[in-house]
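Participant: Handing you a structure now.
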Amino acid sequence: AAKDQGKNRFLTFENRMHEQLLSRLDQESRLRDAVHRGELRMHLQPVVSVPDGQMVGAEALVRWQDPQHGLRQPGSFIPLAEETGMIVEIDRWVLMEACRTIKQWQDDDPATAPAWVSVNLSAAHLEVPDLTDRIAYALSTSGLPARCLVLELTETILMRDIAVTAARLEELRELGVKIAIDDFGTGYSSLGYLRDIPVDVLKIDRSFITGMTGNGRQQELVNAVIQLGHMLGLRVVVEGIEEADQLALLSVMGCKFVQGYHLGRPVPADELRVLRAAPAVHA
Ligand code: C2E
Ligand code: MG
Ligand code: MG
Ligand code: MG
Numbered sequence: 521a522a523k524d525q526g527k528n529r530f531l532t533f534e535n536r537m538h539e540q541l542l543s544r545l546d547q548e549s550r551l552r553d554a555v556h557r558g559e560l561r562m563h564l565q566p567v568v569s570v571p572d573g574q575m576v577g578a579e580a581l582v583r584w585q586d587p588q589h590g591l592r593q594p595g596s597f598i599p600l601a602e603e604t605g606m607i608v609e610i611d612r613w614v615l616m617e618a619c620r621t622i623k624q625w626q627d628d629d630p631a632t633a634p635a636w637v638s639v640n641l642s643a644a645h646l647e648v649p650d651l652t653d654r655i656a657y658a659l660s661t662s663g664l665p666a667r668c669l670v671l672e673l674t675e676t677i678l679m680r681d682i683a684v685t686a687a688r689l690e691e692l693r694e695l696g697v698k699i700a701i702d703d704f705g706t707g708y709s710s711l712g713y714l715r716d717i718p719v720d721v722l723k724i725d726r727s728f729i730t731g732m733t734g735n736g737r738q739q740e741l742v743n744a745v746i747q748l749g750h751m752l753g754l755r756v757v758v759e760g761i762e763e764a765d766q767l768a769l770l771s772v773m774g775c776k777f778v779q780g781y782h783l784g785r786p787v788p789a790d791e792l793r794v795l796r797a798a799p800a801v802h803a
């Protein structure tokens with residue numbers, strides 16, 4: 521009987537594996553179709569200047585309007601997209617959409633439009649040989665000035681092969697676009713790469729801000745990183761501000777740009793435009 525049970529358990533395990541594989545293949549093909557079927561959505565989250573509270577920039581964040589599961593956050597499909605290489609196509613879509621949307625907004629209503637938009641680039645994308653041409657194409661077809669586009673890369677990506685990456689980024693910067701280090705401080709990286717890699721923007725990760733108000737040591741750390749960025753001549757954006765207290769502390773530290781739920785959640789561009797057009801009732 522014990523032997524039979526073992527066998528049953530194995531069969532169950534095998535069935536489960538089989539199911540998981542099928543569900544993965546199903547997800548994969550549905551995600552592949554999502555791009556062509558127009559199921560991707562771009563949300564924009566404001567980047568706000570301190571202390572005047574004005575929206576100066578925006579970050580483009582992808583969503584998937586999945587007919588089976590509703591609106592999905594990137595955490596639930598980006599990993600699969602990265603494994604399968606589909607991320608390159610997704611990033612391209614977001615890039616075009618971001619350039620097109622912001623250019624249109626700047627033309628329609630320069631007073632409320634963000635001065636820049638940032639898009640996230642995956643590791644796979646940085647390795648695509650015609651990346652620079654793609655970016656140039658997105659800029660020329662949309663008409664968005666290059667200085668209004670920021671490309672966000674995480675430090676883990678930047679650390680891969682510093683010489684190759686530095687050359688790649690220099691090529692991109694020659695177009696006039698800006699490069700941001702995203703999630704700064706979360707990778708196991710040395711600071712040495714800041715010397716070799718050409719960047720314009722430092723985005724301090726949310727994890728530095730969570731729990732900051734009750735922790736003097738953490739405040740000193742955040743303060744030091746902000747000053748470091750400023751001394752290197754970088755634009756520093758602090759991510760993940762959820763409370764007024766955090767904003768007040770950052771303001772005292774001389775932080776100039778913030779992003780977070782306290783300032784505004786990611787929403788469709790139309791919604792953000794309506795919010796900006798309304799008489800100031802912001803945070
Ligand atoms: P990220 O680039 O660091 O984007 C910031 C993430 O933090 C977003 O999550 C945003 O909604 C969230 N966030 C902003 N403020 C707050 C806050 O105050 N509190 C909290 N708890 N969260 C906040 P989202 O949209 O789920 O995106 C997660 C990650 O997925 C992004 O992190 C980025 O790495 C990736 N991602 C998003 N869109 C794209 C894309 O188009 N291409 C690629 N390659 N990756 C993307
Ligand atoms: Mg980002
Ligand atoms: Mg980030
Ligand atoms: Mg992140």
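Using UniProt numbering, you'd call the opening residue of the sequence shown number 521 and step up by one each time. Even for Gly, the Cβ is constructed at its ideal location relative to N, Cα and C.
1. In or out: Val794 buried (at least 16 other Cβ within 10 Å) or exposed?
2. If I follow the unbroken alpha helix (DSSP H) through Asn640, where does it start and stop?
3. Using a 10 Å radius around the Cβ and a threshold of 16 neighbouring Cβ atoms, would you call Asp702 buried or exposed?
4. Secondary structure at Arg726, three-state DSSP: helix, strand or coil?
5. In the DSSP output, which residue or residues are listed as bridge partners for Arg583?
6. Quick check: what's the CA-CA separation for Gly595 versus Leu659?
7. My output table needs one value for Ala700: the three-state DSSP class, helix, strand or coil.
8. So is Ala683 buried or exposed if we call it buried at 16+ other beta carbons inside 10 Å?
9. Examine ligand 5 and report whether any of its heavy atoms sits within less than 6 Å of the Cβ of Glu762.
10. List the endpoints of the continuous beta strand (DSSP E) containing Thr674.
11. Taking Cβ positions, are Ala580 and Met562 nearer each other than 7 Å?
12. Give the range of the beta strand (DSSP E) segment to which Val756 is assigned.
13. Between the Cα of Arg557 and those of Trp613, His538 and Gln574, spot the shortest distance and give me the residue it belongs to.
14. Just curious, the alpha helix (DSSP H) that Gln624 is in, first and last residue?
15. So, for Ile699: in the same chain, excluding its five sequence neighbours on each side, which residues have a beta-carbon less than 6 Å away from its beta-carbon?
16. Would you be able to state if there are at least three C-beta pairs under 8 Å between the segment 725-742 and the segment 758-769?
17. Would you kindly work out how many angstroms separate the C-alpha atoms of Met773 and Arg785, rounded to a whole number?
18. Out of curiosity, what's the CA-to-CA distance linking Val567 and Leu770?
19. Among Ala744, Ile746 and Arg680, which one has its Cα closest to the Cα of Asp716?
20. On the criterion of 16 or more Cβ atoms from any shown chain inside 10 Å, does His538 qualify as buried, or is it exposed?
21. Work out the CA separation of Gly753 and Val576 for me, nearest whole Å.
22. What is the DSSP secondary structure of Glu688, reduced to helix, strand or coil?
23. Looking only at its chain, what residues have a beta carbon closer than 7 Å to the beta carbon of Gln739, apart from the 5 residues adjacent to it on each side?
24. Pick out whichever of Ile622, Leu783, His645 and Asp627 has its Cα sitting closest to the Cα of residue 884.
25. Distance check for Glu534 and Thr706, CA to CA, integer angstroms please.
26. Tell me the rounded alpha-carbon separation between Ala654 and Ala666.
27. Since Met575 sits in a beta bridge, which residues does DSSP pair it with?
28. Please report how far the alpha carbon of Val570 lies from the alpha carbon of Glu559, in whole angstroms.
29. Using 10 angstroms around the beta-carbon of Ser549, count the other beta-carbons present and answer buried if the total reaches 16, otherwise exposed.
30. Using a threshold of 7 Å, state whether the C-beta atoms of Leu591 and Asp611 are closer than that.
Facilitator: If we stick to the structure as given:
1. exposed
2. Careful: Asn640 lies outside any alpha helix (DSSP H), inside the beta strand (DSSP E) at Trp636 to Asn640.
3. buried
4. helix
5. Arg561
6. 28 Å
7. strand
8. exposed
9. Questions concerning ligand 5 fall outside what the structure shown contains, since the ligands it does hold are ligand 1, ligand 2, ligand 3 and ligand 4.
10. Leu669 to Thr674
11. yes
12. Arg755 to Glu759
13. Trp613
14. Ile607 to Asp628
15. Leu671, Leu689, Val719 and Asp720
16. yes
17. 24 Å
18. 14 Å
19. Arg680
20. exposed
21. 18 Å
22. Looking at the sequence itself, residue 688 is Arg, so the reference to Glu does not match. Arg688 falls in the helix class under three-state DSSP.
23. Met732 and Leu769
24. This structure leaves residue 884 out entirely; the chain is present only between 521 and 803.
25. 38 Å
26. It should be pointed out that residue 654 corresponds to Arg in this sequence rather than to Ala. So the two alpha carbons sit approximately 13 Å from each other.
27. Val568
28. 35 Å
29. exposed
30. no
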